[in-house]
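Asker: Numbering (my numbering), first residue to last: 56 to 189. Don't be surprised by glycine CBs; every beta carbon is placed ideally from N, CA and C. Below: one structure in structure tokens.
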Amino acid sequence: MSKKAKAEIADESAVIITDAVLAENQAKLDSYEKAIKAVQERRRKVIIDSKLYTYDKLSQLYGGAEGQALLDAVIAEHGLIEKLTASGMTYEQIGELADDSSADADNESLDNSDDDVADGQTSFFDEKSNPYEV
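This is the structure:
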């Protein structure tokens, strides 16, 4: 065999070996891409499940509010917290204020929404809810 023939055979072998290596590497890359897409899809599903879980918990926390009503309640609470922190309150103080059950009792004792009489105003009627009852 001549040197030229041997060189051509060696070159062809190198091409075949190179093509086989490239094909093997491409197959690996394709399988990695497929695995990445599968992991990203599982990740997306976990994120959606987490968001739905959070939404359900917030809905329960805000008395079953859903949709825009839930969004409005969260925004209102966030605005109130911003105002309280701007006035100098810490988050711990705000938490204590929210957890303070005596504040609810104080508000109930001051709440005269059922009465048509303002605090400190004299009334000419009895304190009955229906003035016509005996």
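1. Could you check what DSSP says for residue 117 in three-state terms: helix, strand or coil?
2. By DSSP, does residue 122 sit in helix, in strand, or in coil?
3. Determine, using beta carbons only, whether residue 129 and residue 107 come nearer to each other than 8 Å.
Answerer: Well, looking at it:
1. The residue given as residue 117 occupies position 62 in the sequence shown. Three-state DSSP puts residue 117 in coil, outside helix and strand.
2. Stepping through the sequence shown from its first residue, residue 122 is reached at position 67. Here residue 122 carries a helix assignment [DSSP, helix/strand/coil].
3. Sequence index remark: in the sequence shown, residue 129 carries index 74 (1-based). Sequence index remark: in the sequence shown, residue 107 carries index 52 (1-based). No, these two residues do not count as a Cβ contact at 8 Å.
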